[in-house]
Every structure is written in structure tokens, then in C-alpha cells.
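These notes concern the structure reproduced below.
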């Protein structure tokens, strides 16, 4: 049923476009033998562009993403067939030839804006790797290439064509480099009009490769998570480094309460009444009033992604470099006196989120120990023992991130035990204890409400209990703490808060020095690969065990990007982080394009996704219509003829050459043009070619 509805919607749009817009008799002055010099292009092209833009927006908002993409691809492919046949088979006069060239340039510029919506990656957009392109994308490139050849052979001066074809050498047809029509209408993306050495996106420079992938990503009807990871990590994390530096430098100075769980949208009540609500807070998120808060959220999400899938080298050249040049006291949050502080910077929250739920089991164990009569000293020793036994479950990416940050740490910062890893593990444990205490307090409150206050506590219990203090003589050696907590008559939530308070001073007075040293030594112990499984015979497989050494920039390969994306999507923090990054890319796309050097110059600073109707009607992207008639579009005819010849073949050249006005009117020209007569003799057979 869904497929049938999609076909009917596609048929409806194609009928409207073909019967009422493209076939408008009053909108095709190119077909008439007029002497009027036109100063603007054909209105039907402008109407087609406006209808395609509006239809794309409606399809993206109302139809399932994949179906919307198929419908829009069919619309673009079918209507481009009509336009290609019309302009390639039209016989123009000397006056209407300029109008023909202007319309073709307008169409190619429009298609360059519409094509990313139906592409899967940057390779599809540039026309590389034809074997893996969909039928619609392949057909659109073929038709645009035909329009490009029509533009060149109908518009170039005669001597350029004669100079290129007088040697009669058979033209070579490269099939693996980017299509010339796209490089011609995208001068900001490509430095050269034709580069035969480019066989894949790996051969492109950084700005071109990143620009192609980013344009395709932001044109999709729904976020493509694998493409987001690919764009961030490709070319040695070029884009991730650029975004991280800006986010950390410009984020708000007042650290908000970023949770260590990495839920960037969670705040208070997160569950809505929507069907299958994920309860992550995004459904209730209304946007940020302060731009610095949005940048802070992006910094945390970028940190989580980089620390999860990036190598040690990549993390050092992105996050650590951004922190060092930020001009802020970034390391203050890693001092051992800051364990209790929940107003941590977002990049620290992003790293803490990698631990996940590994340490969730610790709070009830510590509380039960206190309730069983253990002193606070014994409870802290038990806490360190639990953390030590959990090290094998802590993600290796978290350990690598801590070691890299520890190497960058200023000398005046003293983390717990001198180890950033232990500092962060203690911080996560502290956060888990507070969370557990809050949940227990709510349970106690519910029980108190259900059973009645008189049944749960007496007047005596309402009085504040005096704190028990154990006095130790100066110089006396003891294995117990200087303060003890009486947990026999306290609630579980109160005990948890007392344990959390004691955890903040776990490294004071050399109380647990030996336990801390053993834990740090255990964390730094390297895993030795066993030889009994024959891993020495498979070094490529064996290096996967050395996490932190495999670069995440391998995500430029589609298979690696999919694997890394799956690793991120397995956690709620990863899903939240990818969504934050996608929103950040969409919001700051104009700035990114300018930094990459692919942004078209514009007199009005309007984001493309928020352009008003009148602006869209008279502009293609950020460029005005009719740039050929205005003389604003540079046309290197000699280079264009050479490129078109390489992609045409003799038959493809003959189709367009024989429709030139001067060739068709050769008899009226006399014998004065020797070049014209030679060209006519060269292409005298099959003078009326068809597509």
C-alpha cells in the first residue's frame, strides 16, 4: 500500500510539472523566432525550481524519509528528461542562443542544489564510483552531462572548437573522475575543472571531500548517523578538530549541571505522553536562548565521540589541543578537591559518560557495609576494592582518554592519587552514590506518605542526632578514621550522602595510600596477547586488541564508518551525542562552509534553510538567476571545449555541432569561413542526431 501511494504521489507531481510548468507555451521564448533581446531567462525554469524546492520541503515534512527521497528522485529525473530533450534538440537563432546558454546554466545550477537530496554520499554527488550509484542518480548525471556538452558546443566560439578538433585524434573518455558539469557549476568546491587523477573521494583535497559529504548529509530527509561519523573523523578529524576548538573556546563560562551519564537533553521530567517516547528529554527540548549553552552541549558531545572511537593521537590533536589553546583554566576541574562539584565542564561530562553503568553496583554495597557496622575507613577501602575489581569492565577508550589528558595536565593540578583515571572513577562513583541516594529518598518519602508519619518515625527521631566523634591522641597509630558515622539508626539515603561526603576526602591524610597505589598499578597494567591462538600470524587482527592505536579517521571508508557508528549507538549517551552533533552541524553549516572555503559569496546573510519565498524564487542557493546574461559567470571556453571533447565521442559532438546556428546557415555564410567549412566536412554525416 505504501509503495502504491508513493507511485501515485510521484505521478501527480510529474503531471503537474510536465503539463502546467515545463510545457507552458508562454514561458518558452527560446522556441520562437523572435528578434527581442532577452534580459532574463525562461520563466518555466524558474517555476520548475520553485516547485521542486517547495515539494522537497513538503515531502521531507509529511512522507516517510525513504519514500520521500524516492519520490523526489523520480521528480528530478523525469523533469530533467523533458528539459534535456528540449534544450538539446532546439534550433535557436543568433539572438536566442544566449537565452539557451543562460537557461542551461540555470538548470545545471539548480540541479547542483537539488541533487544532494537523493545522494547517499559525496561520491554520488560528484559522479564517482558509478557502479554503486542508484539509477536515478546515474540518470541525472548523464542528462546534466548532456546539457553541459550542449552548453559548450552551442556557446563556444567557432575557433575554439576548430582548434580542438582539427587534429582529428580520437577523444578519450574518462569515466572515473568527477563529472565535468558538476565541477563547472561548483567552482568553490573544485580547484580544477578537470582532474583525471581523481578516481575516488580519497584523491580529493580536504575541503572538497569534506564539503561533498557535508552537503549530502545536511540535504537528507533524516540524519544519517554513519555519515555524521564519517564527516567528523575523516581526514585526520579535520572537521571535529575545527568544531571542538570553536566550541570549547566560545562555550558559556558558567558550567551548567552536565550529568555524567551524557544525556545532553535530560532535565527534570523527561517522559512525555508521546507514543514510544525514548524519555531522553529531546521531545521537550525547546532550544537554547544562550548560544554559549548550545556550544557547550556540542563540546560535550564531540568529546564523547572523539574519546569513544578516536585513537590516542587523534584525541591529543583534537580535544587536548583545543583545551590548551582555549585560554581557560580547563584543568581546575580535575583537582582532587573538585570531586564533589557537579557543575563540571561539558567536555569532562562527555568523558565521564563513557563509563556508563559499570559502577552502578557500588552504592548499595557501601550502604549495606555501613549498616552492618563498618567504619567509614573500612567503607572507603571497600569502595576502592570495588573500583579495582571493575577495571576490566571499564571501556578501554575511557582509560586511553584519561592517560592522554594526564599527559597534558598542568603541574599545579593534583588529582586523586596523582591519577586522572582514579580521579574520574571516583567522580563517577560519587555521582552514582548521589543518584542512588536521591532514588532512595523518593522511595522513603513514598513509604512515609503511604503508611503515615506516626507509623514511621517518632518524635525522638525528629530531633537532630549528635555526630559521634572519636578522639585520637597525637602520635597514636590507628587503622580507623578520625570520624565515625553511626548508621544503625539512619536511613539508607542519609548513609549514602555520608559515604559520598567521605569519598570526597578519600585521598587526604594518607589514609588509603597503599590501596590507591595498587589500584593505579592495576589500571596501568598492559594486556599481553596470548600466542596460543596464533595471533602473531594475523597482525592486522591482533592490532585491533590494542585499542587507542587504530585511528578513527578510517571512517572515511563506508564499512569502518558503519562499524564505528554501531559502537556509538549502543549507548544512550552515544545516541544523544550524535543527535547533538547533527543539530550543531545544521545550525552552523554556513560558518563551516566559510571555514572550509566552499561558501558562495552573498550580499545577504540568510541561512539556506530559512530563506523566504521571494528570495528562493529569484536565487539558486545564494546565487541569483541569469548569471550568464548578467556576465557574472566566468566561462573559460577553450578549457570547456577540451573537457567536453574528452567526455563526448565523435557522435556526441556531432549532435550539438550540427545544431549550431552558423553550421545550419553555412550556405548563407559564403566561403569566407574556412574553419566552418572544415568543421562541416568533419561532421557532415548523421547531421541530425538524437539523444
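Numbering (the UniProt record's numbering), first residue to last: 1 to 691.
Every residue, glycine too, gets a C-beta built ideally from N, C-alpha and C.
{"Item": "Paired residues, beta bridge with residue 624 - DSSP", "Value": "619"}
{"Item": "9 Å Cβ cutoff met for residue 415 and residue 336", "Value": "yes"}
{"Item": "Alpha helix (DSSP H) runs contained entirely in the stretch 22-96, provided each spans 4 or more residues", "Value": "43-62 and 65-88"}
{"Item": "Cβ-Cβ distance between residue 9 and residue 71 below 9 Å", "Value": "yes"}
{"Item": "Alpha-carbon to alpha-carbon, residue 425 and residue 502", "Value": "15 Å"}
{"Item": "Beta-carbon gap between residue 498 and residue 490 smaller than 9 Å", "Value": "yes"}
{"Item": "Backbone CA spacing between residue 457 and residue 436 [nearest angstrom]", "Value": "At residue 457, the pLDDT of 45 sits below 50, so the modelled position is not reliable and the matter cannot be decided from this model."}
{"Item": "Cβ-heavy atom distance, residue 637 to the ligand FAD, below 8 Å", "Value": "No copy of the ligand FAD appears in this structure; indeed no ligand is present at all."}
{"Item": "Span separating the alpha-carbon of residue 432 from that of residue 68", "Value": "44 Å"}
{"Item": "Beta-carbon proximity check, residue 306 vs residue 318, cutoff 9 Å", "Value": "yes"}
{"Item": "Residue 150, buried or exposed, once every other Cβ within 10 Å from all chains shown has been counted against 16", "Value": "buried"}
{"Item": "Distance CB(residue 201)-CB(residue 556) smaller than 9 Å", "Value": "yes"}
{"Item": "The stretch 226-242 touching the stretch 256-265, judged by at least three CB pairs closer than 8 Å", "Value": "no"}
{"Item": "Cβ neighbour criterion (16 or more within 10 Å) applied to residue 380", "Value": "buried"}
{"Item": "Check whether residue 191 and residue 177 have beta carbons under 9 Å apart", "Value": "no"}
{"Item": "Where residue 411 falls: helix, strand or coil (DSSP)", "Value": "coil"}
{"Item": "Top-ranked residue by Cα proximity to residue 417, from 377, 505 and 358", "Value": "505"}
{"Item": "Under the three-state DSSP convention, the category residue 208 falls into", "Value": "helix"}
{"Item": "Proximity winner among 590, 303, 180 and 626, relative to residue 144 (alpha-carbon distances)", "Value": "180"}
{"Item": "Exposure label - residue 5; buried when at least 16 CB within 10 Å", "Value": "exposed"}
{"Item": "Minimum C-alpha distance to residue 199 - residue among 135, 128 and 266", "Value": "128"}
{"Item": "Any 3 or more C-beta pairs closer than 8 Å across the stretch 386-395 and the stretch 347-366", "Value": "yes"}
{"Item": "Distance between residue 101 and residue 155 (C-alpha atoms, nearest Å)", "Value": "7 Å"}
{"Item": "Host alpha helix (DSSP H) of residue 368 (start-end)", "Value": "362-371"}
{"Item": "Environment of residue 17 [buried if 16+ CB atoms lie within 10 Å]", "Value": "buried"}
{"Item": "Burial state of residue 448 (16 or more Cβ within 10 Å)", "Value": "exposed"}
{"Item": "Cβ shell of residue 599 (< 6 Å), same chain only, five flanking positions each side left out", "Value": "593"}
{"Item": "Coil, strand or helix - residue 132 by DSSP", "Value": "helix"}
{"Item": "6 Å CB neighbourhood of residue 621 in its chain, flanking five on each side removed", "Value": "113"}
{"Item": "Where residue 606 sits in the DSSP three-state scheme", "Value": "coil"}
{"Item": "Three-state class that DSSP yields for residue 159 in the structure shown", "Value": "helix"}
{"Item": "Range covered by the alpha helix (DSSP H) that runs through residue 122", "Value": "122-126"}
{"Item": "Counted within 10 angstroms of its Cβ, other Cβ atoms place residue 133 as buried (16 or more) or exposed", "Value": "buried"}
{"Item": "Rounded straight-line distance, which links the Cα of residue 652 to that of residue 159", "Value": "19 Å"}
{"Item": "Three-state class that DSSP yields for residue 180 in the structure shown", "Value": "helix"}
{"Item": "contact_flag[the stretch 214-227, the stretch 568-584] where n(CB pairs < 8 Å) is 3 or more", "Value": "yes"}
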